[in-house]
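Residue 19 is where the sequence shown starts when you use our numbering, and the numbers rise one by one after that. Glycine residues also receive a C-beta, built at the ideal position from the N, C-alpha and C atoms.
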Amino acid sequence: MKAETGKDIEKAKGLLESGQLVSIPTETVYGLAGNALHIESLISIYKVKKRPSFDPLIVHISSFDMIGKYVKSVPEIFYKLAEKFSPGPITYVLPKRDIIPDLVTSGYETVAIRIPNHPFTLELLSSLSFPLAAPSANLFGQISPTSPHHVFEQLGAFIPYILDGGICAIGLESTIVTVFDDKLKILRHGGISLENLQKVAGKDIIHSHENDLITVPGQLKSHYATRTQMLIGDIPTLIKKFAGHKLAVLSFKTHFNEISPDYQIVLSPSGNIDHAAQELFSAMHNLDRLNADFILTELFPEESLGIAINDRLKRASFRDYFSESL
Ligand code: TXA
Ligand code: MG
19 MKAETGKDIE KAKGLLESGQ LVSIPTETVY GLAGNALHIE SLISIYKVKK
69 RPSFDPLIVH ISSFDMIGKY VKSVPEIFYK LAEKFSPGPI TYVLPKRDII
119 PDLVTSGYET VAIRIPNHPF TLELLSSLSF PLAAPSANLF GQISPTSPHH
169 VFEQLGAFIP YILDGGICAI GLESTIVTVF DDKLKILRHG GISLENLQKV
219 AGKDIIHSHE NDLITVPGQL KSHYATRTQM LIGDIPTLIK KFAGHKLAVL
269 SFKTHFNEIS PDYQIVLSPS GNIDHAAQEL FSAMHNLDRL NADFILTELF
319 PEESLGIAIN DRLKRASFRD YFSESL
């Protein structure tokens with residue numbers, strides 16, 4: 019099979035109705051979508067992604083008003099969040115109703131639900147009689163796709179259609195939240211920042227400890243991995259330390275004269291964190307193609323989307339080599 023890429027929502031609908039998988043655009047990253055209520059479609063998602071069955075899937079619906087069909091109850095705080103952030107890059111984890119197959123949730127009693135903010139996908143979801151299960155459309159553990167081309171590179175041989183909705187506007191996956199002890203708990207940092215959640219939830223918010231990287235099932239320490247080893251630190255120090263190696267550099271706003279311009283990507287020369295987030299995965303894809311020995315990178319300020327960016331960078335660079343050598 020070789021995926022066709024196009025803007026035909028009717029075609030995507032037909033394929034999904036016949037149990038096939040389609041890559042769908044969202045504002046965060048591209049998803050690998052299948053009928054969330056159809057066992058064969060769900061099996062195909064795990065198979066195509068080479069995803070272990072302990073890693074549950076997010077269910078995508080067209081409107082927050084429909085959430086009651088899939089979950090047992092909705093806490094007040096989620097209504098407030100939905101009013102502000104849905105459709106958008108936020109995912110709600112709640113006790114599931116029986117209509118959601120155990121295969122979606124890897125046997126957990128809770129299901130993750132999100133309303134993606136992309137006009138094509140909202141139109142597609144509204145036209146379907148079932149919700150869509152959709153993990154990010156990358157092979158398990160690899161970099162998430164923010165363009166149809168990224169999807170084609172990783173999954174083009176295994177799916178019939180990629181619905182082309184352009185480049186993803188946010189570029190980082192959704193923020194995953196649940197309610198625990200009457201408090202809002204962040205399970206994965208993502209496109210809605212902690213500061214913006216705080217504006218709605220006030221102080222009643224728990225977020226995972228910085229070093230406590232595994233917060234949701236399947237979110238492993240090593241994730242978003244480039245083939246090239248990534249190293250995080252002070253970039254000038256790393257350049258000196260690894261002199262003699264073929265180096266690539268991924269920086270927030272600084273250009274380094276020691277490194278050829280072809281081998282470095284400055285995510286946002288003006289220091290705009292939202293812009294840096296949108297470019298991040300694409301830059302990782304591009305630097306990975308250079309076959310350097312190492313990709314050197316740095317942590318972002320721990321604020322707004324910088325928290326989610328740092329989470330992705332730490333997971334991308336997490337290998338035994340990292341802890342031994344630095
Ligand atoms: O932005 C996004 O969320 C994208 C787009 C395509 O919507 N999707 C995405 O899916 O990032 P995926 O499968 O790559 O990551 C979903 C994460 C997984 O790490 C999984 O552990 C967590 O959501 N998750 C799913 N169901 C859960 C549940 N019931 N409880 C806790 N975490 C859950
Ligand atoms: Mg993913």
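Secondary structure at Ser335: helix, using DSSP grouped into helix, strand and coil. Looking at the backbone, the Cα of Ala243 and that of Ala334 are separated by about 4 Å. A distance below 8 Å between beta-carbons, with the five flanking residues on each side excluded, links Thr255 to no residue of its chain.
In terms of side-chain proximity, the C-beta atom of Pro74 is found nearer than 7 Å to a non-hydrogen atom of ligand 1.
With a cutoff of 8 Å on beta-carbon distance, Leu150 and Ala266 are scored as not near each other. Note on geometry: alpha-carbon atoms of Ile253 and Ser269 lie some 8 Å from one another. Contact annotation: Ser211 and Ser104 have beta-carbon atoms that are not nearer than 8 Å.
DSSP places Glu28 inside the alpha helix (DSSP H), whose first and last residues are 27 to 35. Residue pairing of Phe312 in beta bridges, as defined by DSSP: Gln247, Leu265.
Residue environment analysis places Tyr48 among the buried positions, since at least 16 neighbouring C-beta atoms fall within 10 angstroms of its C-beta. By the criterion of at least three beta-carbon pairs nearer than 8 Å, the region 162 to 177 is in contact with the region 21 to 34.
Between Val66 and Leu39, the gap from beta carbon to beta carbon is short of 8 Å. Of all alpha-carbon atoms in Met302, Ala294, Asn304, the one lying nearest the alpha-carbon of Ile325 is that of Ala294.
DSSP places Ser154 within a strand segment (E or B) once states are collapsed to three. Cβ atoms of Ile185 and Ser165 come within 8 Å of each other, at about 5 Å. Within the model, the alpha-carbon separation for Asp199 versus Ile277 is close to 50 Å. Taken from the Cβ of Ile325, every heavy atom of ligand 1 lies 7 Å or farther away. Within the DSSP bridge table, the entry for Pro319 names no partner. Between Ile63 and Pro153, the gap from beta carbon to beta carbon is short of 8 Å. Distances from the CA of Gly189 to each of Thr196, His136, Leu157 were compared; the closest alpha carbon is that of His136. Take Ser91, set aside five residues on each side of it, and the residues of its chain with a beta-carbon closer than 8 Å to its own are Leu112, Pro113, in chain order.
Secondary structure note for Gln282: its beta strand (DSSP E) is the uninterrupted segment 282 to 284. Here the distance from the Cβ of Gly289 to the nearest heavy atom of ligand 1 is not below 7 Å. Rounded to the nearest angstrom, the Cβ distance from Pro70 to Tyr126 is 14 Å, too far for a contact under 8 Å. By the criterion of a C-beta distance shorter than 8 Å, Val284 is surrounded in its chain by Ser269, Phe270, Lys271, Thr272, His273, once the five residues flanking it on both sides are discounted. Counted as a single uninterrupted DSSP element, the beta strand (DSSP E) harbouring Phe198 occupies residues 193 to 198.
Contact check for Leu142 against Ala54 fails: the beta carbons are separated by 8 Å or more. Within the region 36 to 114, the runs of alpha helix (DSSP H) that reach at least 4 residues and sit entirely inside it are, in chain order, 57 to 67, 94 to 103. One thing to note: Ile204 has its Cβ no nearer than 8 Å to the Cβ of Val197.
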